[in-house]
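Reviewing the structure listed below.
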Amino acid sequence: MRILPKKIDGIKFGLMSPEYIRKFSVLKIITAETYDEDGYPIEGGLMDKRLGVVDPGLRCGTCNSRVGECPGHFGRIELARPVIHVGYAKRIYKVLKSVCRSCGRIKLPDERIGRYRQEIKTARKIGKNIDSIIEDLFKEAKTPKKCPHCGGEIFEIKFEKPATYLEDGQRLSPADVRERLERINDTDSVVMGFDLDVARPEWMILTVLPVPPVTARPSITLESGERSEDDLTHKLVDIIRINQRLEENIEAGAPQLIIEDLWELLQYHVTTYFNNEVAGVPPARHRSGRPLKTLAQRLKGKEGRFRSNLSGKRVNFSARTVISPDPSISINEVGVPEVIARELTVPEVVTPLNINHMKEIIIEGPYNYPGSNYVERPDGNRISLARVKNLDELLEKVKPGWKVHRHLMNGDVVLFNRQPSLHRMSIMAHEIRVLPYKTFRLNLCVCPPYNADFDGDEMNLHAIQGQEARAEARVLMRVQEQILSPRFGGPIIGGIHDHISGAYLFTMNDTKFTKSQAFQLVYSSGIRKSLPDPLIDENETEYYSGKQLFSLVIPEGLNLSYKAKICRKCDKCLEEDCKYDAYVVIRNGKLLKGVMDEKSFGAFSGELLDRIVKDYSTDDARIFLDSVTKLVINAISRRGFSTGIDDEDLPEEAKERIEEILRNAYKNVRKLIRAFNDNLLEHLPGRSLEETLEMRIMQVLSEARDKTGAIANEYLEKEEKKRRRENSARIMAISGARGSLLNLTQMTACVGQQAVRGERIKRGYAGRTLPHFKVGDIGAEAKGFVKSSYKSGLSPIEFFFHNMGGREGLVDTGVRTSQSGYMQRRLVNALQDLKVEYDNTVRDTRGVIVEFKHGEDGADTSRTDWGNIVDVGKIVRRYADQRGKK
Amino acid sequence: MYLSQKKIDERLMELKEEIPMKMYNDLNRELSKVKITEEALENILKDVLRRYRYAKVEPGEAVGILAAQSMGEPSTQMTMRTFHYAGVAELNVTLGLPRIIEIVDARKQPSTPSMTIYLEEDYRNNPEMAKKVASTIGNLYVSDLLESDELDYLGSKVILYLDEYELDKNEVEVDEIVSKVKSGIKGIDVESDGKSVVLSLTKGKNTSRKELKKILTKAKIIYIRGVKGVTRVVMRKEGDEHVIYTEGSNLKDLLKIDGVDITRTKTNDILEVHRVLGIEAARNAIINEIQDTLNEQGLIVDIRHLMLISDIMTVDGDVKAIGRHGVSGEKASVLARAAFEITVDHLLDAGVKGEYDELEGIVENVIVGRPVKLGTGMVEVVMRRELEESKEAI
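First to last, the sequence lines map onto chains A and B. Quick note on our numbering: the first sequence kicks off at 1 and runs consecutively. Quick note on our numbering: the second sequence kicks off at 1001 and runs consecutively.
Put into structure tokens, the structure is as follows:
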């Protein structure tokens, strides 16, 4: 197909006048039949060849072009009697109420009409919405009981859904209505909001119905050879049938009653043809009982034309498969299975420089990798290499200027996406690396922005087809360019899970490596730097500390100090002398003090990573992430790291203390209840006694749980020291790799209060939660306090309550995702047109200035340091330090 | 040679127009702490300016989408529940996602309207004075002051026995009750002996029991003082000052009360802020409310995004909702509106009105299948001047 060198400048909407419909339709449909016995379309029927063709081999009766070339042509049905367009029923009603029944003028004095006209004119000029003005007019014009123009009397007009008008109890037929609308003069029409260039009031009532081309309602042939018509065709058949009957009856002079019935029926069919979900109208159904999908249904909603075909389109050159992790590839890369690489292609122009290489690729063809699937001639015709018989002949013809659609190869830039695409980091550009097996492979550091895990997640990949797009994707969308989130100006890509616990163990003070261990570790992690001098321990043997080796991946010259995740928030920070090694000091790229954990290079909070991206470059940040993860994963793999149920073991002593605390808590709860019963409980301000009691009990119980947690943690730590072996679960929690101390508490000590709607569990039987309790029991056990730990196991009652709390959580998640999804859709829709103009203002499409400077300072959040453009103090100190202070 | 403060000030003044206020203030503050030479100052300014220029948004940046995503993405991580306000266990305040949705919807009334009242200097450190303010804000009804009541059928009287303790506590004079009751109910005489209030009907004595009961219930709900709409008042010490929290919101009446610091007092009812303090205040209220809600959940969203959301809601001088009844429903483009919600109605209306779609926006361009005018798609013609001129020369 040739592309017309035309550009759409804008789209004008309007109504179709009967004359217009007659003029642009290619034929009048006269018969409800579609095909004859031989399966050929009947002339003058709904499938007439002049309306366009959908069957291959046939030619259009109007333009004589083939399927795919002919866009189709409209036909028309001449309605025997006028019919109301449902979509305009309400508007027609408003107009009818506002105009005089005899003279057709708006029932307002001329100067009022003039005023409205003026208002509309000015509103149009400044681009304001005129809806409210017209609403006001309709409101004002419906009240007068007498026409100020001709003095005629006005009767009350009632509207009955979907399309019946009653005047003073008398029914107005669509013909009557049309007649009235015809009488409205031009100026009045304009005041009522009609654009006379494209719309007259009476055009809201149909006398001719346009019949859409066959291409808009193609019929499908089932395997059985039977034809199945489109819903629209079915509806049109109904309309034609009734229309014919009505016409015959009118001609035959049938009684008024019969004619009116048929007219009503015609109205029904035309109504459902436009919209099959009109309130008060039974939907037209298919023979199977399924409601028909007519015009409005085709456009509307999520699966409608607008949202699913126009705003979102299906694309070629895309692939989808399961994802799995691969720590050995760069964050910028994505592993692509060969099968996919053979299917997806990239057009490459043949030049004198690459012609030989291209020819080789053509020879490889579609089945060998790397090969190519198509060759494109300069005129745009594509030759499929799967079907080429004489390859040599083709190779002869290939000249510079041809294009070869070659297989994806290592280094090609592709877009990689995981739904739901909640932010721009959900689609990033990766360089591909062709790998065996059938999953996409990605570096673990890019999991956070995609919010991906490997429990069966699938992702989509799009091969970029143009050089411009490729360059753009590479510069703007590459993973390393997206490390800083535009949401808060900090890193969103970073280490997770084993990266964190690995780094933590690796950089702890007592982690030592022999020379050969160190060499092996560093070399296998792809680090090509010379090692520093080894340290010497008390036995006079040489060793490398974890901190020394970690320093190899930190860029040179970096100076930084911060509190690590494991910081215990002591009252007075000893900073460098922290006895927990929680204060990180990096001088000139050397890690001197502190351990690496989540705060170092974890996603969302990595301070070290943050500094590297901001003070060095995204390249350095990528190199850092790639090598740090490799190093740390290698280290932790060699060391071994595993967690098991014995990580939750507590000594008897700890269990007794936990028991004691819970006993006390129970006692306190009972005390509170007694105080409440004896009316000794002190009110909390603004709360009833019952509420106060509940709050106090909740407080006591949650404190108890926290205390048991603290004890559990204390003993776990003691055990670690005693046995000289780390507790993996605790390490994961404190380093921020996975889980929290709360999770540990629940596993080892006490699960705690179960809540539904933020309250202790209260539903169940009258006055009690379960029949195991006395009526009115509001003690801890009876209202869902779980004193067991996950490890010790829950009692049946506790299990039941725990299930209640858990179910609420699940429901909550379900509701939340749909609600926040809709909110985001609304937000995006409301804000999507805003952009920064060349004058640095933020404007919408109308040119209205929404902000003079984005965010009042004109800064791009992803280029700020957590929202701050620049640390002025730091710069001032850098230059002023030597000069002394005032 | 160190520069004098005056010289530094002069140099900074030159830049004042170019750099954001915060940066200017930071520079002023930091530079006043140190002694510097002219060379050092120039170096500092060069560095600061370089950072600033780097941080500026590039023309074409889709800041709207960025803002929407920045707020939408973390909202999936929010809790649904209505929680107690951090610290103030006594008040229920809607938080989390429902609150955000409420703000963005520009609801007529928030589900839990509440005010945070700060007090003027003389009041804020004095618990007695603060309590006084709190009690004038809290609603007081006749029923709150009664010990018991009695219906005298023979004498057609309603007798209210006052609770002296409550009277004392709330500092209410008996006369005040009498006059309030008198003006509150028609057709009765009110007398008082200091311990009770007697309501007797003026017209005849043939009143029914029913009527007397009605009068009693009416009398009980007569309100003596307080700010209308406030249902609960809680006072709390924050740092060294006393702050009053309320359930129910009525900013207009509250601001008339003595002792209230009108510069800091706030409400969570955004439309009320708009009504009482104007659109700029409403804009700030939206930003603050969203930020507080997000921060409470431990989520960080840069304030620039919230500003933009707030700005689009308030540009027209009127608080509009994000959604089909507000911002999205008033878009210029028919296709954009149709693609969002209520597709059919927008198309039908466009027909009658003869609307013309300029195809300037995002969805419109996606629909007609051409590049979107954002970012790199914004550039229309790039022409090198020399090239054009050299062509002419040929």
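Glycine included, every Cβ here is placed at the ideal spot set by N, Cα and C. Note that this is a predicted model, so its numbers are computed, not measured.
Considering Cα atoms alone, identify which of the options is closest to residue i.
i: A:Glu19; options: A:Thr769, A:Met747, A:Arg200; result: A:Arg200
i: B:Met1021; options: A:Asn868, A:Val786, A:Phe317; result: A:Asn868
i: A:Asp646; options: A:Ser688, A:Arg117, A:Lys791; result: A:Lys791
i: A:Arg418; options: A:Ile323, A:Ala749, A:Asp510, A:Ala503; result: A:Ile323
i: A:Asp455; options: A:His73, A:Val848, A:Cys447; result: A:Cys447
i: A:Leu292; options: A:Arg307, A:Asn276, A:Asn381, A:Ile184; result: A:Asn276
i: B:Asp1269; options: B:Met1115, B:Asp1009, B:Thr1076; result: B:Met1115
i: A:Ser862; options: B:Tyr1052, B:Pro1113, B:Thr1037; result: B:Tyr1052
i: A:Leu531; options: A:His854, A:Ala737, A:Tyr523; result: A:Tyr523
i: B:Arg1304; options: B:Asn1284, B:Arg1107, B:Glu1238, B:Tyr1118; result: B:Asn1284
i: B:Thr1094; options: B:Thr1343, B:Val1158, B:Asp1292; result: B:Asp1292
i: A:Ile242; options: A:Pro109, A:Tyr268, A:Leu257; result: A:Tyr268
Check the Cβ of residue i against every Cβ in chain A and list those closer than 7 Å, keeping chain order.
i: B:Ile1117; result: Those within 7 Å of B:Ile1117 in chain A number zero; the least Cβ separation is about 14 Å.
i: B:Glu1061; result: Lys835, Val836, Asp860
Over what stretch of residues does the alpha helix (DSSP H) that includes residue i continue unbroken?
i: A:Pro449; result: 447-450
i: A:Gly546; result: 546-551
i: A:Arg470; result: 467-472
i: A:Leu521; result: 515-524
i: B:Asn1365; result: 1362-1368
i: A:Tyr165; result: A:Tyr165 -> not in any alpha helix (DSSP H); beta strand (DSSP E) instead, spanning 164-167.
In chain order, what residues of the same chain lie with their CB nearer than 6 Å to the CB of residue i, ignoring the 5 residues before and after it?
i: B:Leu1347; result: Ala1338
i: A:Leu395; result: Lys359
i: B:Ala1350; result: Val1334
i: A:Leu608; result: Ser600, Phe601
i: A:Pro892; result: In the structure displayed, chain A extends from 1 to 886; residue 892 of chain A sits before or after that span and is not available.
How far does the beta strand (DSSP E) with residue i in it reach, from first residue to last?
i: B:Tyr1223; result: 1223-1225
i: A:Thr345; result: 345-349
i: B:Ile1342; result: That residue, B:Ile1342, is in no beta strand (DSSP E); it is neither H nor E in DSSP.
i: B:Ser1135; result: Counting along the chain, B:Ser1135 falls outside any beta strand (DSSP E), though it belongs to the alpha helix (DSSP H) covering 1127-1137.
i: B:Ser1075; result: Here B:Ser1075 belongs to no beta strand (DSSP E); instead the alpha helix (DSSP H) covers 1063-1075.
Identify the contact partners of residue i in chain B, using a Cβ-Cβ distance below 9 Å as the criterion.
i: A:Arg888; result: A query on residue 888 of chain A cannot be resolved here, the shown segment of chain A reaching from 1 to 886 and no further.
i: A:His854; result: Lys1056, Val1057, Glu1061, Val1063, Arg1304, Met1307, Leu1308
i: A:Tyr88; result: Leu1348, Gly1351, Val1352
List, in order along the chain, the chain A residues whose C-beta lies closer than 9 Å to that of residue i?
i: B:Thr1293; result: Those do not exist, as B:Thr1293 stays about 13 Å from chain A at its closest Cβ, beyond 9 Å.
For a contact defined as C-beta to C-beta under 7 Å, what are the partners of residue i on chain D?
i: B:Met1071; result: Here the protein chains are A and B, and chain D is not one of them.
In chain order, what residues of the same chain lie with their CB nearer than 7 Å to the CB of residue i, ignoring the 5 residues before and after it?
i: A:Leu970; result: The displayed coordinates of chain A run from 1 to 886. Any statement about residue 970 of chain A would go beyond what the structure contains.
i: B:Glu1364; result: Ser1333, Leu1335, Ala1336, Asp1357
i: B:Phe1340; result: Arg1324, Ser1328
i: A:Ile329; result: Gly335, Arg433, Arg441, Asn443
i: A:Asp833; result: Asp844, Thr845
Note down, in chain order, every chain B residue with its Cβ under 8 Å from the Cβ of residue i.
i: A:Ile30; result: The contacting residues do not exist; A:Ile30 stays about 28 Å from chain B at best.
i: A:Val850; result: Leu1308, Asp1311, Ile1312, Val1315
i: A:Lys6; result: Near A:Lys6 there are no residues of chain B at all, since even the closest Cβ is about 12 Å away, more than 8 Å.
Can you pull the chain B residues whose beta carbon is under 7 Å from the beta carbon of residue i, in chain order?
i: A:Pro486; result: Leu1066, Ser1070
Can you list, in chain order, the residues of its chain whose CB lies under 8 Å from that of residue i, leaving out five sequence neighbours each side?
i: A:Arg883; result: For A:Arg883, the predicted structure reports a pLDDT of 44, less than 50, and the residue's modelled location is therefore unreliable. The matter cannot be settled from this model.
i: A:Thr769; result: Ile761, Lys762, Arg763, Ala782, Lys783, Gly784, Phe801
i: B:Ala1086; result: In this prediction, B:Ala1086 scores a pLDDT of 46, lower than 50, which makes its location untrustworthy; the coordinate-derived value is nonetheless stated afterwards. Within the same chain, B:Ala1086 has close Cβ partners Glu1296.
Between residue i and the ligand NAD, is the CB less than 6 Å from at least one heavy atom?
i: A:Phe601; result: The ligand NAD is absent from the structure shown, which contains no ligand whatsoever.
Report task. Output, in sequence order along the chain, the residues in the segment 1308-1319 of chain B whose CB is closer than 8 Å to any CB in chain A. Result -> Those residues of the segment 1308-1319 of chain B that come within reach of chain A (Cβ to Cβ, closer than 8 Å) are Leu1308, Ile1309, Asp1311, Ile1312, Val1315.
Report task. Residues of the segment 863-882 of chain A with a CB closer than 7 Å to any CB of chain B: list them in chain order, please. Result -> Within the segment 863-882 of chain A, the residues whose Cβ lies closer than 7 Å to some Cβ of chain B are Arg863, Thr864, Gly867, Ile869, Val870, Val872, Gly873, Ile875, Val876, Tyr879, Ala880, listed in chain order.
Query raised in the report: the segment 1147-1173 of chain B: which residues have C-beta closer than 9 Å to a C-beta of chain A, in chain order?
Result: Correct list: empty, as no residue qualifies.
**Report entry** Against chain B: residues of the segment 184-208 of chain A by CB proximity under 7 Å
**Finding:** Answer in chain order: Gly193, Phe194, Asp195, Asp197, Val198, Ala199.
Requested in this report: With 8 Å as the limit, tell me which residues of the segment 422-435 of chain A have their beta carbon closer than that to any beta carbon of chain B; keep them in chain order.
Outcome: Identification of residues in the segment 422-435 of chain A having a C-beta nearer than 8 Å to some C-beta of chain B yields Leu422, His423, Arg424, given in sequence order.
Requested in this report: Select from the segment 1355-1368 of chain B all residues with a C-beta closer than 9 Å to any C-beta belonging to chain A, and list them in chain order.
Outcome: Close to chain A, meaning a Cβ-Cβ distance shorter than 9 Å, are the following residues of the segment 1355-1368 of chain B: Glu1355, Tyr1356, Asp1357, Glu1358, Leu1359, Glu1360, Gly1361, Ile1362, Val1363, Glu1364, Val1366, Ile1367, Val1368.
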